[in-house]
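Following: one structure in structure tokens, then a few remarks.
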Amino acid sequence: MEATRGLDTDKDGVIDEEDECPTVFGFKENNSYNVNITGYDDSQGTDDYNLNLSKNRTSSVVKAITASKINKKRITSSKGLGETNPAATNDTEEGRALNRRVEFEVIKAK
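Under my numbering, the first residue of the sequence shown is numbered 4, with each subsequent residue one higher.
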């Protein structure tokens, strides 16, 4: 299972306290699944800036998940990849908005 969450330009605080992120797919209630989290950015800004921003976004998601009492060991991977692997063109605002994202891959626990 996968989910994607869109993000605002130049923002790394992607989760607020009322966010549903930890309950996606019933993840919080179902210990038989883990999650991989990957952050991305659009091509606006330098490569280093975009890489750091994507890492900070991923870190914000990890903090939100662990704050909701989900064991950090259930996060099997968390990384920021900057502007690599765009979901859409970076030539339009609509495309850039799709590229500013955090992806969740929910996987069966071993």
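All C-beta atoms, glycine included, are put in the ideal place defined by N, C-alpha and C.
Spatial distance of residue i from residue j (CA atoms)
| i | j | result |
| --- | --- | --- |
| S35 | G98 | 35 Å |
| S81 | N37 | 12 Å |
| K76 | S63 | 16 Å |
| V65 | K113 | 20 Å |
| E96 | G48 | 14 Å |
Boundaries of the alpha helix (DSSP H) in which residue i is found, first to last residue
| i | result |
| --- | --- |
| K58 | 50-70 |
| E96 | 96-102 |
Close beta carbons around residue i, own chain, < 8 Å, minus the five adjacent residues each side
| i | result |
| --- | --- |
| S46 | N53, E86, P89, N93, R99, N102 |
| Y43 | S57, G83, L84, G85, E86, T87, N88, P89, A90, N102, R103, R104, V105, E106 |
Terminal residues of the beta strand (DSSP E) in which residue i lies
| i | result |
| --- | --- |
| K82 | 78-83 |
| N40 | Checking the sequence shown, residue 40 turns out to be Ile, not Asn. Residues 36-43. |
Assumed close pair residue i, residue j - CB separation to whole angstroms, cut-off 8 Å
| i | j | result |
| --- | --- | --- |
| N39 | T69 | Not a contact, Cβ separation roughly 15 Å. |
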